[in-house]
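Using the working numbering, read the first sequence as starting at 14 and increasing by one per residue.
Every residue, glycine too, gets a C-beta built ideally from N, C-alpha and C.
Report on the following structure.
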Amino acid sequence: MTRELLDKSYSPETVEKKWYGFWEQEKLFHAEESPPQSVSAYSIVIPPPNVTGVLHMGHALNNTLQDILCRYHRLKGDSVLWMPGTDHAGIATQNVVEKKLAAEGTDRHHLGREKFIDAVWAWRQQSGSAIINQLKRLGASCDWDRERFTMDEGLSRAVRKVFVQLYNEGLIYQGDYIINWCCRCRTALSDLEVEHEEIDGAFYHIRYPLSDGSGYLTVATTRPETMLGDTAVALHPDDERYAHIAASATVTLPLMDREIPVIRDTHVDLSTGTGALKVTPAHDPNDFEIGIRHNLPSIKVMDDDGMMTEAAGKFCGMDRFACRKAVVEALKDQGLLAQVTPHRHSVGHCYRCHTIVEPNLSLQWFVKTTPLAEKAIKAVETGKTRIIPESWTKTYYDWMHNIRDWCISRQIWWGHQIPAWTCGACGRMVVAMDTPDTCPDCHSTDLVQETDVLDTWFSSALWPFSTMGWPDQTPLLKAYYPTSVLVTAFDILFFWVARMMMMGIHFMDEIPFRDVYIHALVRDEEGKKMSKSLGNVIDPLNIIDQYGTDAFRFTLAAFAAQGRDVKMSEKRVEGYRHFINKLWNAARFALMHLEEKYADALDQQNEKALSLPDRWILSRLTQVAQQTEAAIDAYKFNEAAGAVYQFVWHELCDWYLEAIKPTLYNDGAEAEKAVTLSVLWQVFKNALVLLHPFAPFVTEEIWHALPGTKGSIMRANWPENLIPGEDPAAEADMKTVMAAITGIRNVRGEMNISPALALSVVAHPEDPQTQAVITANQALIMNLARVSDLAVDTAAQRPKAAATVLIEGAALFVKLEGIIDFSQEAARLEKEIGKLAKEMTGMTKKLENADFLEKAPPDVVAGVREKHKAMVEKRSALETTLGRIRDMME
RNA sequence: GGGCGGAUAGCUCAGUCGGGAGAGCACCGGCCUUACAAGCCGGGGGUCACAGGUUCAAGCCCUGUUCCGCCUACCA
């Protein structure tokens, strides 16, 4: 790489492409398979994006945070594995390909299973890498050589192994249960895949005539069409309203003319509806339970497409919603519809296609989750796995404690086909890793494999170990499992995190990750969830095109405060682009002066040769490095980003670079210049390293232009144990200097004195230390405050026409004869006294309070006293000056 | 129904040893100062949602209220 002169302003496009290619080429993302014992391993598995996916803001935040962690740990010297990959996303992907087929005028049933799956693979081949390329634009430093896919050979083997073992352990079973059914996707859904939404519906009160002709039982329902499948009416055993109904009573089911029993069950809620509950075991989960308790038949009146079955009598063939209307009309005609009341209730929708789901009785496969959940709960309780922020642990426990068995079978084609075969001859079921040739019982070769596939999340649950080569005992697993942290948004805490915990502990006998960091959701400017239907989606790639990846990443990190959602607006990204540009220009300035001989030259310098700004900035560097480190370690990305931002812009640029300009532009002082440039090199280089996790591209670009650096900044070391390090004395002295400069600038600003006009200042120090500091840094103060003449005089009196600046330990008199009038200065002083008085009130009150003096810790009292005293002194000095000015004005 | 989070400057938000209210953007004034006008210097601006309580001391701890957002649930 050549060291070229840096362009006048930063242009991300070319830089980003160049360095990403360089990193890949140099294999800088590649994790060592077996890192040496002396190096600690750090590993993260990526939450695999769907192959159908396009990068959205959620991915951008999620992956930026992971990348910050990975790059930071590489700089710290850890052996880092960031395992990437994609998820086959069964239903989602199948939907996409089906839509494509529909556009081509065909469908999957015409193609047949095999050809359809070929079509999905072809589609994946063609567009599956889109999201990977988008992650690369984000700067993601994943180990791409190890990229996995949930349907690849190895992971499929892991899935079969897990299925077979769980089946043999009795933790997977098949059975007829009520599940959530999507009539559009024609598949079962797990409870989690159902989204509940409040809907304005109605309560239909229907009269069921008692068979003995003695009257009616009125039931209430929100889904009248299901009455066609009723097989009982249930009453609460203690309900006095129905005490007169005989235990053997029956009712005649309207429209169907079927006699069904009246039963008693404690599930019935006395306070809801009429207290009489219609029981439809085939289409309601509670009714299903009641049905089992009372040995009721289940009658399916709705098929997999949501059409009424033959069991629905004359309603057969109707769509479920049309049927609802027809049933209501028919009941009305017969005078059996007692009333219809509006009722707002939540209705389940398919999370993929948003169709209303139907509880439906069918034969499905389930995982028995309770035994697995126990260990997963314990892992968090004992602190083996930490959830951050901690408030999510409660949510985790709540869900885990109330976990229900997991329906894992899906009636789609794209996914892991369940490894179970049924013998056509004897009916025996064979569950095995490899396709069996013959039935172990009757040796028939007529074996038919289960057509269902597994829930996508079944394979994702194995991700932390399946990607590392399990079921083989690979070196990768040995080195990097358990992973260090899982970074994810809370919306998949149950879907994914909880299930990885269960599977990881069960199959690896070890937790899958030490930390779970749960970050916020990215919302739009108004705090709304971004969605296509709302049209408020901000495309991350669009932002990157406009502002550059680094500015975008910095924005994400800066606003990723724990426990709070990120509201994304372009305005903020623009602000951070300014920061990146600021850094760029600081680099241009530094590079005008730096040469290779200054690289790592600092420890050769005599420390006494360091100027106050040198010592100060080095001290600050040490502190900020520690601060940033602590913040990242605690997943406080906003604090880390803020600390570096503040340091680079407002300390390094605003103060240090300005402070050293006189030295750099002074041709005489070569020795002094050499010291300063050694410091500049040291500070600038380390600032780049601190920034690198957040802004990888611009820091790499500058790194290569900086004389005395070698290779990639990715191989640099995080600043630790710097010499010289913290220097409290330098910080205190610099504070004095800065106060003096700011004070003088303030006079100039407040009085509208042109910067072109140099000022003359007399300093009147009150203690030796302040005197020494001002004297030693006279030139610095004069330069930064634009003062042409600074006298230091312990006996100085306030010159006649002068503004007074009070800093700790000294008064500064800014001579203003002929520049301003006294009334202006009087007004300025009054304003300052007013401000001071306001600040003091709280403190004064405290010091007048006997209880405070008595009960507060002595050091707190002393502290307040000291500050108060200083302010009193300052105020009285200002008042004296004001008095004198007033005297002169008269 | 249960749970969680939020309410701080015009806007977006920081602020968990309880001890003199902060940042960025916006706004006002002054500057094309040889890294940067995507910049520099200075300035104004807050009853920390409301009501109580604990404490010498509350944005922070406790109780209650209002409003907003989210998660979760088999109430027909």
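Mind checking residue i: buried by the 16 CB within 10 Å criterion, or exposed?
i	result
Met516	buried
Met605	exposed
Gln810	exposed
Asp318	exposed
Arg161	buried
Met481	buried
Tyr186	exposed
Lys828	buried
Glu714	buried
Rounding to the nearest angstrom, what Cα-Cα distance links residue i and residue j in this structure?
i	j	result
Phe660	Val637	7 Å
Val579	Glu843	43 Å
Gly588	Glu664	18 Å
Ala143	Leu701	31 Å
Val774	Ala54	59 Å
Thr562	Pro709	9 Å
Lys345	Pro250	30 Å
Pro553	Ala73	7 Å
Lys858	Lys674	46 Å
Gly396	His69	33 Å
Pro626	Ala684	16 Å
Ile59	Gln50	25 Å
Tyr217	Ala201	28 Å
Thr354	Asp189	34 Å
Gly855	Lys31	58 Å
Ser473	Arg441	30 Å
Thr15	His705	Residue confidence is low: Thr15 scores 36 on pLDDT, short of 50, so the model does not pin down where it sits. Its coordinate-derived value is still stated next. C-alpha separation (whole angstroms): 21 Å.
Phe526	Lys128	39 Å
Ala792	Asp802	9 Å
Lys113	Trp412	38 Å
Is the distance from the Cβ of residue i to the Cβ of residue j below 8 Å?
i	j	result
Cys198	Cys420	no
Leu475	Val177	no
Ile57	Ser479	no
Ala776	Ala804	yes
Tyr530	Ile401	yes
Arg314	Cys195	The question names Arg, but residue 314 is Val in the sequence shown. No, the pair does not count as a contact, with Cβ atoms beyond the cut-off.
Ile212	Pro372	no
Leu895	Ala816	no
Asp780	Gly831	no
I need the boundaries of the beta strand (DSSP E) containing residue i, first residue and last residue.
i	result
Trp470	Looking at the DSSP string, Trp470 is not in any beta strand (DSSP E); the run it does join, the alpha helix (DSSP H), is 469-473.
Ala804	800-805
Arg220	207-222
Asn193	185-195
Ala776	772-778
Gly42	A quick correction: the sequence has Phe, not Gly, at residue 42. From DSSP, Phe42 is part of no beta strand (DSSP E); its letter is neither H nor E.
Who are the near neighbours of residue i in its chain, counting only those whose CB is closer than 7 Å to its CB and skipping five residues on each side?
i	result
Trp483	Ala171, Leu490
Ile662	Note that residue 662 is Trp in the sequence shown here, rather than Ile. Within the same chain, Trp662 has close Cβ partners Phe592, Lys595.
Trp716	Leu701, Thr722, Ile726
Asp332	Gly319, Met320
Gly98	Ile59, Pro61, Glu160, Arg161, Phe162, Thr480
Can you name, in chain order, every residue of its own chain whose Cβ lies under 8 Å from the Cβ of residue i, other than the five neighbours on each side?
i	result
Ser22	Asn594, Trp597, Asn598
Ala570	Thr77, Leu78, Ile81, Phe650, Asn651, Ala653, Ala654, Phe707
In terms of residue numbering, what span does the alpha helix (DSSP H) encompassing residue i cover?
i	result
Pro781	781-789
Arg590	583-606
His356	No alpha helix (DSSP H) holds His356; the beta strand (DSSP E) holding it covers 350-363.
Arg761	741-763
His296	Segment: none, His296 is in no alpha helix (DSSP H) and carries neither H nor E.
Trp716	709-718
Ile130	126-140
Who are the near neighbours of residue i in its chain, counting only those whose CB is closer than 6 Å to its CB and skipping five residues on each side?
i	result
Gly226	none
Arg220	Tyr229, Thr231, Leu349, Ala351
Glu208	His362, Tyr364
Pro488	Glu46, Ser47
Gly909	Lying before the first or after the last residue shown, residue 909 is absent from the chain, which here runs from 14 to 903.
Report whether the distance from the Cβ of residue i to the nearest heavy atom of the ligand NAP is below 7 Å.
i	result
Ile630	With respect to the ligand NAP, the structure shown offers nothing to examine, as it has no ligands at all.
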